[in-house]
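Quick note, the sequence shown lines up with residues 80 to 511 if you use my numbering. No residue lacks a Cβ here, since even glycine has one placed at the ideal position from N, Cα and C.
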Amino acid sequence: MSLRQLKSIILICVLTSTTVSAQFSFGNYALHNVNIIDTSSNGVLYEYTILVSNDKILNILPSKNYKPHDSVQSINLKGKFVVPGLIDAHVHFATDPTKERRDNAEKVLKEMLLSGITSVRDMAGDARALSSLSRNALVDDIMAPNIYYSSLMAGTTFFSDPRTIASAQGGVSGKMPYMKAIDDNSNIALDVAEAKGTGAAGIKLYAHLSNIQVKKIVEEAKRQNFPVWSHAALQIAKPSEIISSGVTSISHANMLVYENDESENLITSWIDHKSDGKDKAFWDKVFEKLDFSELYQLMIDHHVVLDATTSVLVIYKNHPKMVWRYEIGKRIIQQAQKSGVLIGAGSDSDQSTFVQHEMKLLVNECGFSPLEAIIAGTKHAAMATGILEKEGTITVGKKANLLILDANPMDNIEHIDDILLVVKNGKLYNNK
Ligand SMILES: [Zn+2]
80 MSLRQLKSII LICVLTSTTV SAQFSFGNYA LHNVNIIDTS SNGVLYEYTI
130 LVSNDKILNI LPSKNYKPHD SVQSINLKGK FVVPGLIDAH VHFATDPTKE
180 RRDNAEKVLK EMLLSGITSV RDMAGDARAL SSLSRNALVD DIMAPNIYYS
230 SLMAGTTFFS DPRTIASAQG GVSGKMPYMK AIDDNSNIAL DVAEAKGTGA
280 AGIKLYAHLS NIQVKKIVEE AKRQNFPVWS HAALQIAKPS EIISSGVTSI
330 SHANMLVYEN DESENLITSW IDHKSDGKDK AFWDKVFEKL DFSELYQLMI
380 DHHVVLDATT SVLVIYKNHP KMVWRYEIGK RIIQQAQKSG VLIGAGSDSD
430 QSTFVQHEMK LLVNECGFSP LEAIIAGTKH AAMATGILEK EGTITVGKKA
480 NLLILDANPM DNIEHIDDIL LVVKNGKLYN NK
């Protein structure tokens, strides 16, 4: 028996041991004979070898061309499938960051990582707490996906919202570097620099901002090489104005309705008491009269990712007054996808469900193929977050962030839960 064979056997024994939530670390290793779900060619690459060196993918080649080395440990994954590590483009881990929330955040982040999520984008909270979580995750003090977080900007009237007060404990909501009220007299260059100084990966625009204010923020953020993420409508600024401003992503598909000058009247007509029991034919007819094609084209032209948040919309499925969000929202997501808009997967459900749930909803509610849902939860979520150059696809030179599955998720999206191994920044995790 060669040294390499012995090492392989030892490795398999370790990987199949019953230690709960084990983590393994090797400098260099080969994921051998694995079938790659290739999101660039939309097919399966059968029997490939992925060489990992420290935290990166060093090489990808057909297994028949791979010559094993004694110095490189090998994991035989014959019959298994690999997708890029999942990215949840919309989480909230520090809205009210008291001690319990930190404990809970750590518990949920660990579950997320072991479920195959290797990065998350936190869409606003207490950046002091998020910075700590993010750093701990990066240096493996806690078991967690990579955490990218945002600094929030909104109009002055927004900052009486109790969530912002909780996130600014010890300071003043609207006057924190990561939670800033913007008006026409704001020093935007300084505000953007302060937002960036919190360690955030981008700015989130939340509410009550005008078109001119949005433009000023995005222009300055571009100058400082910092992405801007926005709600799809900001009460004053409309979806088309936000999309054209140069933001990287917009959140919540149903909000595209606010492009229409008659949106308030329309919504009133949808929420009247007769909404109860209105059926598919009713909503199909309502949707037929709405035209979002110009918005879709604008999103395509400006490379804006739609962070759809289907997981939030389904919550309103049986809510007589809010059911429109679900019925209109899911139709927008389906139509936008068919029109060529990039859809990103984010759960935004206070972590009661993860991005896998969002991906299944994209398939079951919005007519995506399993592969399209996988792309939404990997490549497009990476684009939304602004990290595509280092994550989101299985590519030489990118971080070794991978999810290895027992069955082909292109056959059935449910297989996304058949987890064998998770690789985050080159380190292997399993839950067995
Ligand atoms: Zn959110």
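Excluding its 5 nearest sequence neighbours in each direction, MET401 has C-beta neighbours in its own chain below 7 Å: TYR395, listed in chain order. Cβ neighbours of GLY408 within its own chain (closer than 6 Å, five residues either side excluded): ALA332, ASN333 and LEU392. When only Cα atoms are considered, GLY253 and ALA452 end up about 36 Å apart. When the Cα atoms are used, HIS287 and LYS317 turn out to be separated by approximately 11 Å. Taken from the Cβ of ASP149, every heavy atom of ligand 1 lies 8 Å or farther away. GLN152 is classed as buried because its beta carbon has at least 16 other beta carbons within 10 Å across all chains shown. Contact between the region 472-487 and the region 153-167 is present, with at least three C-beta pairs closer than 8 Å. The shortest CA-to-CA distance from LEU140 to any of SER150, TYR127 and ALA216 is the one to TYR127.
Per DSSP, ILE473 lies in no beta strand (DSSP E) segment and is marked neither H nor E. If you ignore the 5 residues before and after ALA245, its C-beta comes within less than 7 Å of the C-beta of THR174 and ASP175, all in its own chain and listed in chain order. Take GLY456, set aside five residues on each side of it, and the residues of its chain with a beta-carbon closer than 6 Å to its own are LEU165, ALA424, VAL434 and MET438, in chain order.
Counting every other CB atom within 10 Å of its CB across the protein chains shown gives THR236 a total below 16, marking it as exposed. Here the distance from the Cβ of ALA245 to the nearest heavy atom of ligand 1 is not below 8 Å. Under DSSP, TYR125 takes part in no beta bridge, so it has no partner. In the DSSP assignment, TRP308 is bridged to LYS283 and SER328. The continuous alpha helix (DSSP H) containing MET378 extends over residues 372-380.
DSSP places PRO488 outside both helix and strand once states are collapsed to three, so it counts as coil. A direct Cα-to-Cα measurement between VAL113 and LYS295 gives close to 48 Å. Environment of ligand 1, chain-ordered: HIS169, HIS171, MET202 and ASP427, taking every residue with Cβ within less than 6 Å of a heavy atom.
When the five nearest sequence neighbours on each side are left out, no beta carbon in the same chain lies closer than 7 Å to the beta carbon of ASP182. Rounded to the nearest whole angstrom, the C-alpha separation of LEU231 and ILE282 is 6 Å. Take the alpha-carbon of SER142 and the one of LYS506: they are about 22 Å apart. Sequence-distant Cβ neighbours of PHE238 in its own chain, meaning closer than 7 Å and more than five residues away, are SER252, GLY253 and ALA260. Residue state for ILE154 is assigned as strand, using DSSP reduced to three classes. The bridge partners DSSP lists for ALA223 come to none. Within a 10 Å sphere around the beta-carbon of GLY234 sit 16 or more other beta-carbons, which makes this residue buried. Rounded to whole angstroms, the separation of the alpha carbons of ASN344 and GLU367 is 17 Å. Look at VAL170 here: in three-state DSSP terms it is strand. For the pair ASN121 and SER448, the Cα-to-Cα distance works out to about 11 Å. In chain order, VAL293, LYS294 and VAL297 place their CB closer than 6 Å to the CB of SER324, counting only its own chain and leaving out the 5 sequence neighbours on each side. Nearest to HIS310 by alpha-carbon distance, out of VAL336, MET191 and LYS301, is VAL336. GLY204 is the residue among ALA268, GLY204, ASP220 and GLN416 whose C-alpha sits nearest the C-alpha of ASP240.
DSSP places THR177 outside both helix and strand once states are collapsed to three, so it counts as coil. At the C-beta level, ASN397 and ASP134 stay beyond 9 Å of one another.
Between the alpha carbons of ALA360 and ILE411 lies a distance of about 16 Å.
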